[in-house]
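In the numbering used here, the protein residues as written are 398 to 827.
Heads up, the beta-carbon is just placed ideally off N, CA and C, and yes, glycines get one too.
Beneath this line is the structure, given in structure tokens, with notes to follow.
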Amino acid sequence: MEEKDKTEEKEYLKAANKSAELALEYHSRYQGKIDVGLKAPVRSYDDFAIWYTPGVAEPSRAIQKNRARVYEYTNKGNFVAIVTDGTRVLGLGDVGPEAALPVMEGKAMLFKYLGGVDAFPICLATTEVEEIINVVKSIAPTFGGINLEDIESPKCYYLLERLREELTMPVWHDDQQGTALVILAGLINALKVVGKSLSEVTVSLIGAGAANMNVAKYMHVAGAKWKNMIMVDSRGILNAEREAVKADKTKWEISEKTNKEGRSGGIAEAMRGTDVCIALSTPGPGVIKQEWVARMADDAIVFAAANPVPEIWPWEAEAGGARIVATGRSDFKNQINNSLGFPAVFRGTLDVRATSITDEMCIAAAYAIAHYAEEQGISEVAIIPSMEEQEMYVREAVAVGTKAIEQGVAEKRMSAEDLEAEVRKRIIKK
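Written as structure tokens, this is what we have:
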């Protein structure tokens with residue numbers, strides 16, 4: 398068994414290293430991966446009299462009289478700003494705005510390819526909260542939505558809260574909402590496969606950053622009990638006895654609601670006997686040990702979602718007794734990746750011109766993903782769809798837009814059929 402494990406690890410590492418080598422070559426060859434294209438035809442230079450001066454003055458005058466017509470005469474309704482300060486990029490940490498740009502370009506690529514959304518990287522040379530807020534508010538007239546990305550905790554919570562309050566447009570933090578809804582979707586189906594109920598399972602959450610905080614929140618909204626969750630930060634299990642945690646409002650609130658057994662210790666103690674482990678912490682391997690998985694409940698579920706290397710290799714978790722293992726990587730089975738969420742969430746949000754992205758819209762997205770996967774057939778190695786399944790994005794976008802209409806946060810009301818037709822035009826590639 399050990400020889401087999403080592404062989405598998407070598408093969409996966411070889412594939413991962415090959416991707417890294419090609420990434421540098423390809424990024425250099427294309428000098429990035431996005432550019433600006435034209436929607437309108439230019440048949441001759443005479444057309445610029447329509448698209449630019451003097452003709453362009455007419456839509457400008459119309460918008461001046463009625464600001465809402467900006468959605469009719471421009472692409473504002475399909476523009477999303479991807480805003481970052483580069484302080485918590487992927488699995489790399491604080492790399493700064495320039496080093497964040499390749500990741501944000503990749504995000505924009507996924508927005509367009511999977512959701513038909515025109516997204517632009519906005520990498521800021523400031524880490525000051527008020528400056529970021531002012532910049533985002535200043536550029537807001539150009540965009541239909543704001544995607545906050547790779548911003549360190551706890552600053553990201555405050556930014557999201559403030560911008561949601563001060564802008565009448567959808568503002569979303571993908572590391573919170575996107576990660577949480579996709580993990581919830583995978584967990585819904587994983588629990589069906591092992592025959593357990595979300596309302597009854599115990600869950601260890603490894604990592605107490607923005608992502609896992611929102612995972613806990615969404616699990617609770619979907620039916621999990623706070624008392625059955627145990628969260629661990631870099632210094633150990635969150636509990637009401639840790640006075641230092643009081644300085645962090647978000648962690649303290651979680652400490653008061655979770656871990657009703659009053660457990661203390663580290664990751665090993667948190668995982669003991671739990672049905673589910675959701676890890677969004679430090680890139681591994683070795684952050685989670687095989688023997689810790691072995692002490693979990695029967696038919697355990699392990700989501701090791703750190704990037705670029707999961708907290709534990711999948712084959713080690715399986716050797717420890719986990720029945721279902723998921724990671725964030727495309728080269729392993731059961732990829733739990735934000736790309737299943739944000740393109741469709743924004744597609745549905747933009748198409749109904751929602752003024753916000755509510756938690757209920759995100760939960761609707763999670764269930765749409767889960768239901769689609771279930772229709773295709775779920776198993777230990779297939780709990781969630783892959784990025785290739787365009788129909789899933791259509792279903793998810795329609796679920797999000799429909800929920801926005803139900804909640805009264807959509808400026809455009811339409812039937813589910815009309816919404817689906819609109820979504821299909823943007824997502825389905827001929």
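Query                                                                                                                                                                      : Result
Starting from residue 720, trace the beta strand (DSSP E) in both directions and tell me its first and last residue.                                                       : 719-724
Which residues in the same chain as residue 803 place their Cβ atom closer than 8 Å to its Cβ, once the five residues preceding and following it in sequence are excluded? : none
If we count the other Cβ atoms within 10 Å of its Cβ and call it buried at 16 or more, is residue 573 buried or exposed?                                                   : buried
So, with DSSP's three-state summary, where would you put residue 656?                                                                                                      : coil
Contact between the segment 600-607 and the segment 733-752: three or more CB pairs below 8 Å?                                                                             : no
Hey, could you find the ends of the alpha helix (DSSP H) residue 627 is sitting in?                                                                                        : Where residue 627 is concerned, there is no enclosing alpha helix (DSSP H), although the beta strand (DSSP E) it sits in stretches over 626-630.
Would you mind reading off the limits of the alpha helix (DSSP H) that contains residue 748?                                                                               : 739-748
Using the Cα positions of residue 695 and residue 738, report the straight-line distance between them to the nearest angstrom.                                             : 30 Å
Answer yes or no: do residue 583 and residue 775 have a C-beta to C-beta separation smaller than 7 Å?                                                                      : no
In terms of residues, what are the limits of the alpha helix (DSSP H) holding residue 457?                                                                                 : 454-462
Less than 6 Å between C-beta atoms, sequence neighbours within five positions excluded: which residues of the same chain meet that for residue 629?                        : 603, 664 and 667
I'd like the ranges of any alpha helix (DSSP H) spanning at least 4 consecutive residues and lying wholly in the segment 461-548.                                          : 467-470, 494-512 and 526-536
Distance check for residue 660 and residue 702, CA to CA, integer angstroms please.                                                                                        : 24 Å
Mind reading off the beta-carbon distance from residue 692 to residue 669? Whole number of angstroms is fine, and I expect it under 8 Å.                                   : 5 Å
Is it right to say residue 422 is buried, meaning 16 or more other beta carbons lie within 10 angstroms of its own, or is it exposed?                                      : exposed
Considering Cα atoms alone, identify which of 571, 609, 482 and 645 is closest to residue 679.                                                                             : 609
Name the residue from 418, 506, 437 and 749 whose alpha carbon lies nearest to the alpha carbon of residue 431.                                                            : 506
Would you say residue 673 faces chain C, with C-beta separation under 7 Å as the test?                                                                                     : Given the protein chain composition of this structure (a single chain), no chain C is represented.
Per DSSP, what kind of secondary structure is residue 776 in: helix, strand or coil?                                                                                       : strand
Quick check: residue 743 and residue 477, are their CB atoms within less than 7 Å of each other?                                                                           : yes
Compute the distance between the beta-carbons of residue 708 and residue 690, then report whether it is under 7 Å.                                                         : no
For residue 697, which of helix, strand or coil comes out of DSSP?                                                                                                         : strand
Does the beta-carbon distance from residue 741 to residue 794 come in below 7 Å?                                                                                           : yes
Can you list, in chain order, the residues of its chain whose CB lies under 6 Å from that of residue 530, leaving out five sequence neighbours each side?                  : 559
Counting C-beta neighbours from all protein chains within 10 Å, is the total for residue 518 16 or more, i.e. buried, or is it exposed?                                    : buried
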